[in-house]
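Take the sequence shown: its position 220, counted from the start at 1, is 277 in my numbering, and no numbers get skipped.
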Amino acid sequence: MINPVKSKYTMGLKVNRRVSLYTVLSTPSFAGHHEEKLIKLFQVNSGIIEMDKGYLTAMRDVGTIIKVPVAMYIIDHPRGLVLYDTGTNVAIADGNCASYWGEGLCAAFHGRQTRDEVIDRWLEKFGYSVSDVKYVVTSHMHLDHGGNTEMFPDAVHVVQKAEMQAAWWPEKFQRAAFVLADYDDARDFDYLQLEGDFDLFGDGTMVVLDTKGHTQGHQSLMVKLKNTGTLLLAGDAVYTPENENGVTPGITWSTNESMKSIDRLKMIRDREQGEIWYSHGRAQFDSHKHDSAYD
Ligand SMILES: [Zn+2]
């Protein structure tokens, strides 16, 4: 038998608890503790490369030598610091290209960066350290994108499984752009080996996108920023606006897959009302800010 008096009392207590919890949650001071922390994104560059424009745009302006930035990104998400690409190896900094890449590769790409343009210095500049980095998302393992993988032994490395296999044993015609010394001491690192897309934090704000074509396991990164909107960090899936507008990329593992990936990024761009940010687009890079964050 339920004691009606006790039951009434218990019910009253429950109601009171509910009211008091609601009251607490509604007070401005409590709400203040749960203020949304914005994602911050810094676009920086690992110096420049200087090369034949035909490497970027097939059958267009072949023979024209251009200098382009090597874009990379530091992204501060409330649940962890993320890099998208680590740039060109620190060993080529301050005029030491040939001693690390060798004469042939330097003649083709002329990699140039100051020591201050290496990813660890960019991190320091914005108040972070190498050990703060939780995830390194690498677009692909070419020499200007995965060059400093070994600088981050404590991070989780997010790569496509196909890319790591290709990096270790590239197709013969692709071999030149992979520098084994960039990652041969990183075999025992912690890899999140993907086979397709992946929502990094499960909140839709940072989604790795399979954009194979440039290489076997190329991946781009979609980042949703509150004020800036949706950015599609293309990596080398889209080198320049010309590729976005239909010009076939020069260096590709598979032209057909490359073109499908460009179309995929353009469809997402339109769906999200976002922007594609290129890896090697001089004009776009120069129009962006690099000394503070997009949020
Ligand atoms: Zn590149």
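The C-beta atom is built at its ideal place from N, Cα and C for all residues, glycine as well. Everything numeric in this text was worked out from a predicted model, so none of it was measured.
Tell me whether residue 121 is buried or exposed, calling it buried when 16 or more other Cβ atoms sit within 10 Å of its Cβ.
exposed
Taking the straight line between their C-alpha atoms, what separation do you get for residue 85 and residue 340?
For residue 85, the predicted model reports a pLDDT of 47, less than 50, meaning its position is unreliable; a value from the coordinates is still stated below. So the two alpha carbons sit approximately 45 Å from each other.
In chain order, what residues of the same chain have a beta carbon less than 8 Å from the beta carbon of residue 332, not counting five sequence neighbours either side?
286, 287, 288, 289 and 326
Using a threshold of 7 Å, state whether the C-beta atoms of residue 243 and residue 207 are closer than that.
yes
Pick out whichever of 281, 178, 345 and 277 has its Cα sitting closest to the Cα of residue 320.
277
Around the Cβ of residue 217, are there at least 16 other Cβ atoms within 10 angstroms (buried) or fewer (exposed)?
buried
Inspect the beta-carbon positions of residue 273 and residue 234 and report whether they are closer than 7 Å.
no
Below 8 Å on the Cβ atoms is my guess for residue 352 versus residue 284; work out the distance and round it to an integer in Å.
5 Å
What does a CB cutoff of less than 6 Å around residue 39 pick up in its chain, not counting 5 residues either side in sequence?
Since the displayed the chain opens at 58 and closes at 352, residue 39 lies outside it and no answer follows.
Excluding sequence positions up to five away, which residues of its chain have a Cβ less than 6 Å from the Cβ of residue 172?
150 and 151
Put residue 300 into one of helix, strand or coil per three-state DSSP.
helix
Looking at the secondary structure, which residues open and close the alpha helix (DSSP H) in which residue 317 lies?
312-329
Less than 6 Å between the CB of residue 336 and some heavy atom of ligand 1, yes or no?
yes
Starting from residue 273 and walking both ways along the beta strand (DSSP E), at which residues does that stretch end?
Counting along the chain, residue 273 falls outside any beta strand (DSSP E), and DSSP gives it neither H nor E.
Is residue 239 near ligand 1, going by C-beta to nearest heavy atom under 6 Å?
no
Where do the ends of the alpha helix (DSSP H) carrying residue 221 lie?
218-225
Does the stretch 161-177 touch the stretch 259-273, meaning 3 or more C-beta pairs lie closer than 8 Å?
no
With a CB to CB cut of under 6 Å and the five nearest residues on each side skipped, what residues in its chain are close to residue 256?
264
Identity of the residues DSSP links to residue 169 by a beta bridge:
105
Cβ contact (3+ pairs, closer than 8 Å) linking the stretch 156-168 and the stretch 132-144:
no
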